[in-house]
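Chains as they are written, first to last, in this note's numbering: chain A, 612 to 1015; chain B, 612 to 1015.
In this text, a Cβ means the ideal position worked out from N, Cα and C, and glycines have one as well.
If you're wondering where the values come from, they're calculated on a predicted model, not measured in any experiment.
Structure first, then comments.
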């Protein structure tokens, strides 16, 4: 009799956001008259910008004409997009990344879930705590995380780097040396960023100890302060030890369009083995490229008009972030983030557990957020609100919370 | 020092179609004046049909408007598409498959590469020989295939089911019992189909021996003869032992749009563990849904007008298949397939090896096909031509071959 991958049995409950979606659906069914405001899952609400819409229509027209039809995309993405990315996202910031180090994909979530396949099965991973669940869960599925300890709320082979108010939500270098270090800054879920100096310390640590860093920079467009790195390749030596994952979801509103990319520098090697070649092999074997029309939409984000429209979109959400952060603080909440990221990370009032506060907020304010403990043990007692709602809803949610 | 997944080192060369693309690029660069006809990679050439184009434009307009904008898609796909698929592709054929057994994805290649993750690491797989490389390569990467033996051209832990002229290119039941059996019918690359009776024997074998069948039905739209199953669920008991993978690439021309789906019946279990739940967990954790606009395009394929346009598209390519098959036979070639599939499988002339014939055809006729040995040891001495070119090019390629 065939047998299944038993590591799936080690996963805790369902994927966090699926659980939230089910809880909200149950509440809505029981209370059809209540108008829910969703500041939970990090999904955007504003429509695609005009330059992107025009690029999509134009690319659709191409697909309807035999002379301009596009079949299978090149494995790693169209050159027009990869060149544009290399120039605008990296070389313009002084990062020496070329087009053949960029792999276009259908999103950062897939890439951050799949990247672990390149590494040895017994690799030790380190993650921030709290953490975006995909990094851990994808390693649980692959058998690297070990067993779950319900008492600690942690997996026994994962090295956790707590991000707490005490360390300013900046992970500290782990004592035990991991093979793979997952970092996400500006951070999801805490909304906090780290300086280039802090990031350089991680790069130096990785170079010294032979670790590889998976750097999730999905929120870099939200950085508003100077001195905060947009790419890990701003740190010296990072092309020898780091992979970077980027998304079009949170800057250009592509959550429903699906586009992202991963940078695997050619200098990143394990002995003679090039990780760039390995990732190319994986793309060629198990992936078939992002749709042509979506890659054209991605390209449109880099025109002068496209850049301007993205700045406006990010500005819209950051106005929400700022309102949420200031509003909560004004009510006496302890709240973090919201300056270089679209997430506000608040301490639950009166020592409530994260899920208790989730239920409390859902039932009494009809506002959906994300319980901090869903992101890891160190997130217990915290709660995440996103700035991705409409401005009206963000303000309305605050008013409802104020009245509690 | 971190270590990589050493199984990647067991892969043979690069992905078949990447190798072909590089060879063709080198030839084109050296011979810029030669007009190449590509009947190699199974990529379509005809534009998307009008109903699909209209659905895309309309969905793009929705994405540009805040009231109708769509962010993250439901993990498993939009209900509108899953319901339509269940009704049209299954219930209309008497197959008892419901919408919550259908998982929409960005294509059959990804699904057929990823599905192996659900199974135990030491599972034994069986594949047809010749075979679509993704089934084998994805298992090599996961460590299930064992080591490659250059003398046999085979991996030592894979059970091969030769599809030869002697058995009518229909795989025979393996003596050694595999955990997982990959089947693709109508077959890529041989272009041959099997009867419902032959398929039922595989289902009975799987039920009796506790194997699971991964059934790739990407080419079902090309079936022209009666008695050939379009879905494995036409066989009795298949919902207890089989997963089916489908594609929009080859019927609706979505190679550059990316849409497919996988059916994991709720009855398919290993003990108490539901594979449907496992695949749902994988989708939720490592995937983020196909684009809304592409799912709307998929839905448009099932309207009366959409169905008619697909029939015409398939008819166009089948006219090519028929011309290639008859033309080659007329020239004295031994050729198979092309009746229930868009592939023609020909015996190379004069005992040439598959790659020698590839080079010969590229250099002397400037026609690109796919060497049979690229699909497995039993494909040596064979060659695949696809019907996905334009009709003019298909006829022109035949003329060039005739003149050799």
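For residue i and residue j, what's the separation of their Cα atoms in angstroms?
{"i": "residue 744 of chain A", "j": "residue 898 of chain B", "result": "13 Å"}
{"i": "residue 909 of chain A", "j": "residue 865 of chain A", "result": "9 Å"}
{"i": "residue 919 of chain B", "j": "residue 927 of chain B", "result": "12 Å"}
{"i": "residue 783 of chain A", "j": "residue 756 of chain B", "result": "40 Å"}
{"i": "residue 931 of chain B", "j": "residue 618 of chain B", "result": "40 Å"}
{"i": "residue 857 of chain A", "j": "residue 1014 of chain A", "result": "39 Å"}
{"i": "residue 802 of chain A", "j": "residue 906 of chain A", "result": "28 Å"}
{"i": "residue 901 of chain A", "j": "residue 870 of chain A", "result": "7 Å"}
{"i": "residue 821 of chain B", "j": "residue 815 of chain A", "result": "52 Å"}
{"i": "residue 904 of chain A", "j": "residue 1005 of chain A", "result": "32 Å"}
{"i": "residue 813 of chain B", "j": "residue 970 of chain B", "result": "37 Å"}
{"i": "residue 773 of chain B", "j": "residue 616 of chain A", "result": "28 Å"}
{"i": "residue 765 of chain A", "j": "residue 704 of chain A", "result": "38 Å"}
{"i": "residue 863 of chain B", "j": "residue 659 of chain B", "result": "7 Å"}
{"i": "residue 648 of chain A", "j": "residue 654 of chain A", "result": "12 Å"}
{"i": "residue 771 of chain B", "j": "residue 779 of chain B", "result": "16 Å"}
{"i": "residue 722 of chain B", "j": "residue 962 of chain A", "result": "45 Å"}
{"i": "residue 712 of chain A", "j": "residue 921 of chain A", "result": "24 Å"}
{"i": "residue 967 of chain A", "j": "residue 636 of chain A", "result": "17 Å"}
{"i": "residue 767 of chain A", "j": "residue 733 of chain A", "result": "13 Å"}
{"i": "residue 889 of chain B", "j": "residue 819 of chain B", "result": "23 Å"}
{"i": "residue 877 of chain B", "j": "residue 699 of chain B", "result": "19 Å"}
{"i": "residue 690 of chain A", "j": "residue 638 of chain A", "result": "47 Å"}
{"i": "residue 972 of chain B", "j": "residue 995 of chain B", "result": "12 Å"}
Do you know whose CA, among the options, lies nearest residue i's CA?
{"i": "residue 974 of chain A", "options": "A:1008, A:663, A:737, A:688", "result": "A:1008"}
{"i": "residue 730 of chain B", "options": "B:992, B:825, B:620", "result": "B:825"}
{"i": "residue 667 of chain A", "options": "A:616, A:799, A:755, A:868", "result": "A:868"}
{"i": "residue 955 of chain B", "options": "B:944, B:772, B:718", "result": "B:944"}
{"i": "residue 936 of chain A", "options": "A:893, A:705, A:1012, A:881", "result": "A:1012"}
{"i": "residue 959 of chain B", "options": "B:993, B:629, B:982, B:933", "result": "B:993"}
{"i": "residue 946 of chain A", "options": "A:792, A:776, A:991, A:967", "result": "A:776"}
{"i": "residue 701 of chain A", "options": "A:819, A:850, A:760, A:761", "result": "A:850"}
{"i": "residue 753 of chain B", "options": "A:746, A:727, A:769", "result": "A:727"}
{"i": "residue 1021 of chain A", "options": "A:655, A:628, A:629, A:650", "result": "With chain A covering 612 to 1015 only, the question about residue 1021 of chain A has no answer from this structure."}
{"i": "residue 808 of chain A", "options": "A:719, A:846, A:793, A:771", "result": "A:846"}
{"i": "residue 1002 of chain A", "options": "A:640, A:656, A:638, A:613", "result": "A:656"}
{"i": "residue 835 of chain A", "options": "A:916, A:948, A:853", "result": "A:948"}
{"i": "residue 614 of chain A", "options": "B:641, B:672, B:823, B:640", "result": "B:823"}
{"i": "residue 837 of chain A", "options": "A:706, A:738, A:951", "result": "A:951"}
{"i": "residue 924 of chain B", "options": "B:880, B:998, B:767", "result": "B:998"}
{"i": "residue 623 of chain A", "options": "A:652, A:940, A:747, A:680", "result": "A:747"}
{"i": "residue 790 of chain B", "options": "B:810, B:769, B:806", "result": "B:769"}
{"i": "residue 788 of chain A", "options": "B:642, B:643, B:612, B:831", "result": "B:612"}
{"i": "residue 915 of chain A", "options": "A:1010, A:662, A:852", "result": "A:662"}
Taking C-beta to C-beta, are residue i and residue j nearer than 7 Å?
{"i": "residue 886 of chain A", "j": "residue 875 of chain A", "result": "yes"}
{"i": "residue 786 of chain A", "j": "residue 989 of chain A", "result": "no"}
{"i": "residue 714 of chain A", "j": "residue 894 of chain A", "result": "yes"}
{"i": "residue 839 of chain B", "j": "residue 804 of chain B", "result": "yes"}
{"i": "residue 736 of chain B", "j": "residue 750 of chain B", "result": "yes"}
{"i": "residue 693 of chain B", "j": "residue 677 of chain B", "result": "no"}
{"i": "residue 982 of chain A", "j": "residue 965 of chain A", "result": "yes"}
{"i": "residue 977 of chain B", "j": "residue 634 of chain B", "result": "no"}
{"i": "residue 828 of chain B", "j": "residue 861 of chain B", "result": "no"}
{"i": "residue 621 of chain B", "j": "residue 793 of chain B", "result": "no"}
{"i": "residue 664 of chain A", "j": "residue 675 of chain B", "result": "yes"}
{"i": "residue 800 of chain B", "j": "residue 986 of chain B", "result": "yes"}
{"i": "residue 844 of chain B", "j": "residue 708 of chain B", "result": "yes"}
{"i": "residue 626 of chain A", "j": "residue 630 of chain B", "result": "no"}
{"i": "residue 717 of chain B", "j": "residue 717 of chain A", "result": "yes"}
Complete beta strand (DSSP E) runs within the region 889-965 of chain B (minimum length 3 residues, chain order): 946-948, 954-958
Uninterrupted beta strand (DSSP E) stretches inside the region 689-732 of chain B (no shorter than 3 residues): 713-716
Where in the region 836-870 of chain B do unbroken runs of the beta strand (DSSP E), each at least 3 residues long, occur, reported from the N-terminal end onward? 853-858
I'd like the ranges of any alpha helix (DSSP H) spanning at least 4 consecutive residues and lying wholly in the region 736-821 of chain B. 744-752, 807-820
Residues from the region 840-857 of chain B in contact with chain A, defined by Cβ distance under 7 Å: none
Which runs of the alpha helix (DSSP H), 4 residues or longer, sit entirely within the region 652-686 of chain A? 661-674
Please identify, using Cβ separations under 9 Å, the residues of the region 712-725 of chain B that lie next to chain A, in order along the chain. 717, 718, 719, 720, 721, 723, 724, 725
Listed in chain order, which residues of the region 668-700 of chain A have Cβ atoms closer than 7 Å to some Cβ of chain B? 668, 671, 674, 675, 676, 677, 680, 681, 682, 683, 684, 686
Residues of the region 798-832 of chain A in Cβ contact with chain B at a cutoff of 7 Å, in chain order, please. 821, 822, 823
Taking any Cβ of chain A, which residues in the region 894-919 of chain B have a Cβ under 8 Å from it, in chain order? 895, 896, 897, 898, 899, 900, 901, 902, 903, 904, 905
Identify each residue in the region 735-752 of chain B for which the Cβ-Cβ distance to at least one residue of chain A is less than 8 Å, and report them in chain order. 744, 745, 748, 749, 752
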